[in-house]
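Same order as they appear, the protein sequences are chains V and C. Positions 0 to 489 (numbering that gives the first Met the number 0) are the ones given, in order, by the first sequence. Positions 0 to 489 (numbering that gives the first Met the number 0) are the ones given, in order, by the second sequence.
2 protein chains.
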Amino acid sequence: MKTKTDERATAEKFPRHIAAQSEDFNQWYTDVVTKGDLADYSPIKGCMVIKPYGYALWENIQRVLDGMIKETGHQNAYFPLFIPESFLKKEKEHVEGFSPELAVVTIAGGKELEEPLVVRPTSETIIYSMFAKWVHSYRDLPLLINQWANVVRWEKRTRLFLRTTEFLWQEGHTAHTTFDEAQGETLKMLGIYKKFAEEFLALPVIDGQKSESEKFAGAYATYSLEAMMKDNKALQSATSHNLGQNFAKAFGITFLDRDNLEQHVWQTSWGLSTRIIGAIIMTHGDERGLIMPPRIAPLQVVIVPIFSDEQKNVAILDAAQEIARDLAARDISAQIDDRTQETPGFKFNEWELKGVPMRIEIGARDMAQHAVTLVRRDTGKKESVAHNKVVAEVVALLQDIQRNLFTAAKERMEQHIFPVQSFAELKESMAEPKGFAVGGWCGSAVCEAAMKEKTGATIRNIPFHHYGTFTHCVGCGKKAAHTAIFAKAY
Amino acid sequence: MKTKTDERATAEKFPRHIAAQSEDFNQWYTDVVTKGDLADYSPIKGCMVIKPYGYALWENIQRVLDGMIKETGHQNAYFPLFIPESFLKKEKEHVEGFSPELAVVTIAGGKELEEPLVVRPTSETIIYSMFAKWVHSYRDLPLLINQWANVVRWEKRTRLFLRTTEFLWQEGHTAHTTFDEAQGETLKMLGIYKKFAEEFLALPVIDGQKSESEKFAGAYATYSLEAMMKDNKALQSATSHNLGQNFAKAFGITFLDRDNLEQHVWQTSWGLSTRIIGAIIMTHGDERGLIMPPRIAPLQVVIVPIFSDEQKNVAILDAAQEIARDLAARDISAQIDDRTQETPGFKFNEWELKGVPMRIEIGARDMAQHAVTLVRRDTGKKESVAHNKVVAEVVALLQDIQRNLFTAAKERMEQHIFPVQSFAELKESMAEPKGFAVGGWCGSAVCEAAMKEKTGATIRNIPFHHYGTFTHCVGCGKKAAHTAIFAKAY
């Protein structure tokens, strides 16, 4: 005879099959995004629809990160969606980098426009045309602005969240009196992103500097966070750019310094986008579906009443509602899944697919024992907890799940970072990528391009962390100028 | 000899002159928007830049209204910026209404697009193409979605906040099983907007139904809130549409009802935009500048230390900081203006222009009395309050200012609503508009158009409130079918 626990564990015929993560990672990704109700394909090529469950995740990301951006003295503002084509052309590298990806408005109000308008792929040029108007004196600096916005880059190959024609992001834009202050801001914001990724998204990341070839079009230097996905590929999770005076000179952003001399400002920009949702999915998800880190989860707890006879069901629902209220009072989001047309097994599968960190089951047997059954999404571990201890235990378990997700991802990443001393080693390790390779690099863009061509892997960044001493370039064998992280990347 | 109070009250040479509201209302409006740091002109025709102070106001609006939208069961989602031209054409009236105002992307990724993409002027068509995919059964209904987004309408004449080519808004989109349910939703959301406008923005509004000519392109019926500006013109502050089955039929949004019969859904949409900021400005502002309602103010309290000698200044700043901390603990936003290069008089003028509801002055004389001086922005009234009573008094005064702004605006509106019995009366009252005219209307669109042509005033709505009995049409003298509100409008 089956025990009750066995019955609950048995998956009912579940309509939302997902591909096996271990067999077809790409299909698994698409399945958990679409069947997990995060996003859907739209009729516009490369544009997605972010569904309520996915958008609630983005709102949580926005709320937390926005708080961190404001705490560090930045103010939000909003600049136009459209940029005159001529603005983009003012910074030579910038326009070269972005022009292949532009969407261009040529007709408006029934007439052909004299000057076409580009839909912003990023807002440096339009924002800095305003900075030139606003900045006069050193007293106006630093100018610390952030914008939450949609941007458009016409990508050839798109994937939900990872690379979409339109995406949502924040872009910070600042102006300073000195190079050092701009460099400090660039690294400070990279640090904010790292803290956010690690503490809220449970994403371990490698911070470092991009190579010249991979830096932002128009920047003096770009820094990035690189996260490792479960298929061992890298996902660039945020970037922070020291723009030097490139844009300041192109847009004439000058100020009078304390000696009344006219100077160009020093600038930074930095961004994090809906792409980060792809990193959450591919870092934590498993064969059962998504796993949401509790601190950012759209829903932290689902309560599933296990219905039996009508009389008992009233008491079961009463208990569920009381627990939901108690959790809400502790700022824990909880939802009761009281659908009668679905079986408990169906519901378990569905909420596991959606990655809700904790499930509370309440059935007649639980009620008889004045208890409920708690189930963790990360480990699947169950425990019976007395009614009066539910809230305290949920609080503790959510904290433990958050910690556990980060620890597991960090251990996994550390186990998949390995030194390479030769090109043969690099190539072999990147065929079916075994993780991130660390090795020497001579610093030549030609050598970098050749390695990319032959292995499919790119230099992700030159990490701040010391991963060992590498005396020779993995690509050409010459003297190494840097230690680099190599990986295939999204 | 001047008293200290006199000295404080004396406006220093103030660089941000604004036009007199009583003499040139339009210039006054532009001045308070730009010199009050709410917004700035951008290099793109008709597009504005929302500056940090203005954006903080919009964020407060978003936070409160978003909470009210979610409390009533709606979920946020995000849909593409672009709409295929063919989608707009599916609903005949809709495309006729919007086609003159469209911005069209014809080139993307360096190539001419096969089908041009319209930048959304509103999202019914793109959202309902997704609803058609998502709705199958009555169990999927009601579908209650909201989106915060930017939209673009190519306007010929633009004005900051009131009419800009790009603007920010929320647009709610719902689908229901019956007409009655959709009608209930339409009016419920109009009610939410009214509650929000009155309780948070201190804006009295007239709710009612739009005439056929003025309804949303593609709607079955449109309802609006109309607010009265200080120049006696109307500003449509929010709209809510019962869409009937027009879009459901155009996009094939059907469901199987409880009897397993296929039915088209019944729909609503409703929106509130950055335009509402114009209503706040023109309802509350005065000759000194903006007045922000405390419940929505970007900054509720400014603390201005009145510096004297250095030793006293330390104690003054300490006291200012302590008060700021105490206010923050009560969730009241406060900022200390400790600039040393500006005089107190300059600061008073500047913060009054920006409409900060309360000012706290702390000078040496205040310190000697263990007191501070509180100044209300709405009445200019000053009072001296002991240090240990500051927080309680500020809380009480902010509530009183909120109440007072609403009461003053409501009284003003009521005094400027007057009955008209003849066309001559209507015309005369609208030449230099004396307010809102209430009168009979036969219901004919031809008569409505003739009145508009001859008076410059439009039917704002057919109000829910009973303003009296009007038996004959103001326009043609025939039997009145409705009582209408006539006004010149933004």
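Positions of the beta carbon are idealized from the N, C-alpha and C atoms, including for glycine. None of the values given here were measured: they were computed from a predicted structure.
| Asked | Found |
| --- | --- |
| May I have the straight-line CA-CA distance separating C:Asp337 from V:Glu198, to the nearest angstrom? | 35 Å |
| If you drop the 5 nearest sequence neighbours on each side, which residues of the same chain put their C-beta closer than 7 Å to that of C:Lys451? | Thr457 |
| Measure the alpha-carbon distance for V:Phe485 versus C:Ile82 and round it to whole angstroms. | 40 Å |
| Mind the definition here: the segment 380-399 of chain C touches the segment 170-177 of chain C only if three or more C-beta pairs lie below 8 Å; say whether that holds. | no |
| Compute the Euclidean distance between the alpha carbons of V:Gly109 and C:Ser98, then round it to the nearest angstrom. | 8 Å |
| Ordered along the chain, which non-local residues of its own chain (more than five positions away) have a Cβ less than 6 Å from that of V:Arg294? | Phe199 and Gln401 |
| Per DSSP, what kind of secondary structure is V:Ile305 in: helix, strand or coil? | coil |
| On the DSSP letters alone, give me the boundaries of the alpha helix (DSSP H) that V:Phe405 sits inside. | Val389 to Gln414 |
| Less than 8 Å between CB atoms is the rule here; does C:Glu184 satisfy it with respect to chain V? | no |
| For C:Phe78 and C:Ser122, which I take to be in contact (beta-carbon distance under 8 Å), what is that distance rounded to the nearest angstrom? | 6 Å |
| Apart from the five residues just before and just after V:Val94, which ones in its own chain have a Cβ nearer than 7 Å to its Cβ? | Leu87 and Lys88 |
| Using a Cβ cut-off of 7 Å, which residues of the segment 73-88 of chain V contact any Cβ in chain C, in chain order? | Gln74, Asn75, Ala76, Tyr77, Phe78, Pro79, Leu80, Phe81 and Pro83 |
| V:Ala280 touches chain C at which residues, Cβ-Cβ below 8 Å? | One detail in the question is off: residue 280 of chain V reads as Ile in this sequence, not Ala. Near V:Ile280 there are no residues of chain C at all, since even the closest Cβ is about 17 Å away, more than 8 Å. |
| Look at the Cβ atom of V:Ile144, then the Cβ atom of V:Ala76, and state whether they are nearer than 8 Å. | yes |
| Per DSSP, what kind of secondary structure is C:Leu56 in: helix, strand or coil? | helix |
| Per DSSP, which one or two residues make a beta bridge with V:Ser383? | V:Thr372 |
| Answer yes or no: does any C-beta atom of chain V fall closer than 8 Å to that of C:Val63? | no |
| In chain C, which residues lie less than 7 Å from V:Pro99 when you measure between Cβ atoms? | Gly108 and Gly109 |
| What separation, rounded to the nearest whole angstrom, lies between the Cα atoms of C:Trp265 and V:Lys44? | 29 Å |
| Compute the distance between the beta-carbons of C:Pro297 and C:Asn59, then report whether it is under 8 Å. | yes |
| Spatial neighbours of V:Lys193 within its chain, please: CB distance less than 7 Å, with the 5 preceding and 5 following residues excluded, ordered by chain position. | Val204, Asp206 and Leu224 |
| I'd like the list of long-range same chain contacts for C:Ala327, defined as Cβ closer than 7 Å, with 5 residues on each side in sequence excluded. | Ala333 |
| Beta carbon of C:Asn460: closer than 7 Å to some heavy atom of the ligand HEM? | Ligands displayed in this structure: none; no statement on the ligand HEM is therefore possible. |
| Could you check which residue in V:Lys229, V:Leu189 and V:Tyr40 has the C-alpha nearest to that of V:Trp27? | V:Lys229 |
| Can you tell me where the beta strand (DSSP E) holding V:Tyr489 begins and where it ends? | No beta strand (DSSP E) holds V:Tyr489; DSSP gives it neither H nor E. |
| For C:Leu167, go through chain V and note every residue whose CB falls closer than 9 Å to its CB, in chain order. | Tyr77 |
| With H, G and I counted as helix, E and B as strand and the rest as coil, what does DSSP make of C:Tyr466? | coil |
| Near C:Val419, which residues of its chain fall below 6 Å by C-beta distance, leaving aside the five closest residues on each side in sequence? | Leu425, Ala436, Gly438 and Val473 |
| Going straight from the alpha carbon of V:Lys3 to that of V:Gly344, what length do you get? | Because the pLDDT at V:Lys3 is just 40, under 50, the model does not fix this residue reliably, and the value given afterwards should be weighed accordingly. One C-alpha to the other measures close to 12 Å. |
| Counting C-beta neighbours from all protein chains within 10 Å, is the total for C:Thr470 16 or more, i.e. buried, or is it exposed? | exposed |
| Please tell me whether C:Ile43 has its Cβ less than 8 Å away from any Cβ of chain V. | yes |
| Is the Cβ of C:Glu341 closer than 8 Å to any Cβ of chain V? | no |
| Buried or exposed for C:Glu360, going by 16 or more other Cβ atoms inside 10 Å? | buried |
| Nearest chain B C-beta to V:Val301 closer than 8 Å, yes or no? | Structure shown: chain B not included; protein chains present are V and C. |
| For the segment 119-134 of chain C, which residues have a beta carbon sitting closer than 9 Å to at least one beta carbon of chain V? | Ile125, Ile126, Ser128, Met129, Lys132 and Trp133 |
| When the Cβ atoms of the segment 112-121 of chain V are set against those of the segment 140-158 of chain V, are three or more pairs found closer than 8 Å? | yes |
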